[in-house]
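Enquirer:
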Amino acid sequence: MAEEKSLNFLEEIIENDLKSGRYRSIVTRFPPEPNGYLHMGHATSICLNFGLTKKYGGYTNLRFDDTNPTTEETEFVQSIKDDVRWLGFEWKNELYASDYFEELYLFAIKLIRKGCAYVDDSDSETIAAEKGTPTQAGVNSKFRDRSVEENLQLFEDMKAGKFKDGERVLRAKIDMAHPNMLMRDPLMYRIKHAHHHRTGDKWCIYPMYDFAHGQSDSIEHITHSICTLEFVPHRELYDWFIEQLDIFPSHQYEFARRNLSYTVMSKRKLLQLVNEKHVEGWDDPRMPTISAFRRRGYTAAAIRDFCDRVGIAKRENVADLSLLEFCVREDLNKIALRRMVVFDPLKIVLTNYTNENELVSVEDNPEDTNGGFRDVPFSKELYIEQEDFIENPPKKFFRLFPGGMVRLKGAYIIKCDEVIKDDTGKIIQLNCSYIPESKSGNDTSNIKVKGTLHWVSVEHAVTAEVRLYDRLFKAEDPSNEEGNFKDYINEDSLQIISTVYGEPALKNAVAEERYQFLRKGYFTLDKDSSEEKMIFNRTVTLKDTWAREVKKV
RNA sequence: UGCCUGAUAGUAUAAGGGUAGUACGUCAGAUUUUGGUUCUGAAUGUCUUGGUUCGAAUCCAGGUCGGGCAACCA
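Going letter by letter, the first sequence gives residues -10 to 542 in the numbering used here.
1) Reducing DSSP to helix, strand and coil, say where N57 ends up.
2) Any idea which residues DSSP pairs G189 with across the strands?
3) Return the chain-ordered list of same chain residues with a C-beta closer than 7 Å to the C-beta of D411, the five sequence neighbours on each side being excluded.
4) Which residues in the same chain as G47 place their Cβ atom closer than 6 Å to its Cβ, once the five residues preceding and following it in sequence are excluded?
5) Taking E92 as the reference, which of I403, T212, P196, R388 has the closest Cα?
6) State the Cα-Cα distance for the pair P425 and N479, rounded to the nearest angstrom.
7) In the DSSP assignment, what residue or residues form a beta bridge with Q505?
8) What residue from G440, R508, I35, D515 has the CA that sits closest to A500's CA?
9) Per DSSP, which one or two residues make a beta bridge with M394?
10) Between H202 and K70, what straight-line distance do the alpha-carbon atoms span, to the nearest angstrom?
11) According to the neighbour-count rule (16 or more other Cβ atoms, all chains shown, within 10 Å of its Cβ), is S487 buried or exposed?
12) Counting beta carbon pairs with one atom in the stretch 436 to 454 and one in the stretch 395 to 402, are three or more of them shorter than 8 Å?
13) Quick check on DSSP: helix, strand or coil for P366?
14) Given a cut-off of 8 Å on the beta-carbon distance, is the pair L249 and L159 in contact?
15) Which two residues bound the contiguous beta strand (DSSP E) that contains V499?
16) Within the present structure, is the beta-carbon of D109 separated from the nearest heavy atom of the ligand SAH by less than 7 Å?
17) Between H223 and R293, what straight-line distance do the alpha-carbon atoms span, to the nearest angstrom?
18) Just reading off the alpha helix (DSSP H) that N140 is part of, what are its end residues?
19) Report, in whole angstroms, the separation of the C-beta atoms of I180 and F152, which I expect to be a contact under 8 Å.
20) Of all the options L507, S111, D146, Y107, which has the alpha carbon lying nearest to the alpha carbon of R561?
21) Smallest Cα separation from R74: which of E64, F96, L51, N57?
22) Roughly how many angstroms separate the alpha carbons of Q375 and A291, rounded to a whole number?
23) Nearest to D320 by CA position, among R304, G286, Y490, is which residue?
24) Please state whether the Cβ-Cβ distance between Y26 and T288 is less than 8 Å.
25) Closer than 8 Å by C-beta to S68: which residues in its own chain qualify, once you throw out the five before and the five after it? Chain order, please.
26) Just confirm the distance between the C-beta atoms of G399 and V365, as a whole number of angstroms; I'd bet it's less than 8 Å.
27) Is the beta carbon of M254 sitting closer than 8 Å to the one on V445?
28) Helix, strand or coil: which one does DSSP assign to C105?
29) Going by DSSP, name the residue or residues bridged to I416.
30) What do you reckon, are the CB atoms on Y423 and Y342 nearer than 8 Å?
31) When you compare only the Cα positions, how much space is there between L218 and Y227?
32) Only counting the same chain, and skipping five residues up and downstream in sequence, which positions put a Cβ closer than 7 Å to that of A(-9)?
33) For L176, write down the residues that DSSP places opposite it in a beta bridge.
34) Buried or exposed for N140, please, with buried defined as at least 16 other CB atoms from any protein chain shown within 10 angstroms of its CB.
35) Closer than 8 Å by C-beta to L(-1): which residues in its own chain qualify, once you throw out the five before and the five after it? Chain order, please.
36) Could you check whether R173 and K131 sit closer than 8 Å to each other, using their CB atoms as the reference points?
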């Protein structure tokens, strides 16, 4: 009997709502602002919102929170849709806060009529000053007590474009002494003579987040409006507008934003990394954006699994990058095709080898019992990794050394007989002998070796470029370190090896397919690849217990 | 000297008055034609002080520490 997975606090709320009959099914929404690319934090929100309706019945809308025309662009709308789809979720309706501009405008008029809103002529400095501070009450604006008629007229003039940016705002009339600063006559509308990515030049007044989000939720009958912790103080305002307007009572629930170790997650900081060219773009594989993870070779399943395993709660957190890496390795181990690729070649010559055109058969994926095999050409001259040979090996080193034996994966056991160096003492070639009766699958040699190496035939090798990525930051939580987060950028986060040597099957690599370069890590073809040149991104390394062993010394 | 909010192994998350559990990470071992995978085992935790109770991570009171709130951003 499988243990029942415990519920997170939102699932509990929903189950109670369903049980009590408050709702028969639920509606959630994912509400990104189209002013940047989605990142891992959004992935958590996406998995949460879509996951909840999948689990409990109902649906999820995709709603773009596009109330600020000066920062928002269609480019981002497209990338967001791509990312949500790629993550494996389908929204019920594609919506925009701008779809509701007319309705929102009517809501504003309703509040003016009720005496709950007024037009303020003060400039932003004055309004800010009059707002007071967290420990000090604000004071009323001198425009606070205008008549309903005057307010109506002024608001219409605002809409009609009779004022310049910043000359007037519409504010809710609540309480300038309220302990919650958001309740001190918050702005509802501001004037922006700006082109909107969807409504064009139709409007020159735009609703503020607080006057758009809750009402949009309400219009869509969102039952559970889930957002991050920084909006907790907004909930009071959210409820106030809904109550004053007497519209469908959506409810807001807050959870803690998801952070990831060794990176930053705020859009502002990510934008800086892009603009200041610390990375190549939003989908630079070192970025924590969804498009970057995709390009790097992460699978949607792995990301979903990660979000699932981390869970959600209400306390601030920094999730371990190693958990994400575990999730992607676990998925990739099952699906990646194995290939042999030598990064840093050391030539070996099998002095006693005389066969011609020999092929050895190697499994594509040992985890897959139905998996296929491929033929790999074997020959007298092979490449192995430089690091797989040490002249004076440390203890527990079971790769190749003078007089030592190793198996070449899928082929024969070889013995190192002679080390050849150039004038500078650099090792340039190994002369080895192979054990003919040790062929894989047909081994009658009775020789036991500890090490198995990957290799490629010199004559048959195909070349490619590999890009090896490391964490973008040296600090676990760069935002919380002393000084600027950029001081902690890892200068070695990208290592390019322009020529590596792969077995011929590598030539058939296709986009989207995942590969495990034996003993090297998981790789996928990068979009920069061309007919002439294959470029592979390292998605993640293999777990390397030997590297850890070496480090200990 | 305001308001809101949070605190469980290194990290993340359970336990909702009754054995503090799970995952990742760490360490040790077994298996292995990838030093991968798989398997086994171990170490490590309830912010603090009181109170209620047969019994408290859980309820109550005080304290400590962290986060958010003074954008015509979302």
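Glycine included, each C-beta is placed from N, C-alpha and C at the ideal position.
Expert: Per the coordinate set shown:
1) coil
2) H185
3) I417
4) S14, I15, V16
5) P196
6) For P425 and N479, the gap between their C-alpha atoms comes out near 48 Å.
7) R327, Y511
8) D515
9) K404
10) Here the C-alpha atom of H202 lies approximately 20 Å from the C-alpha atom of K70.
11) exposed
12) yes
13) strand
14) no
15) It is not in any beta strand (DSSP E) - V499 carries neither H nor E in the DSSP assignment.
16) This structure simply doesn't include the ligand SAH, nor any ligand for that matter.
17) If you take the alpha carbons of H223 and R293, they lie about 29 Å apart.
18) 137 to 148
19) With 8 Å as the limit, I180 and F152 qualify as a contact, their Cβ atoms being about 6 Å apart.
20) A question about residue 561 goes unanswered here, because the residues of the chain that appear run from -10 up to 542.
21) L51
22) Rounded to the nearest angstrom, the two C-alpha atoms are 33 Å apart.
23) G286
24) no
25) Y26, L27, W271, S280
26) 6 Å
27) no
28) Secondary structure of C105 (DSSP, three-state): coil.
29) K410
30) yes
31) 14 Å
32) Legend: pLDDT at A(-9) = 37, less than 50; position of this residue unreliable, value from coordinates given subsequently. Result list for A(-9): empty, nothing under 7 Å.
33) Note: L176 sits in a beta bridge opposite R160.
34) buried
35) The residues are L37, L41, H213, I215, Y242, F244, I301.
36) At a Cβ-Cβ threshold of 8 Å, K131 and R173 do not count as neighbours.
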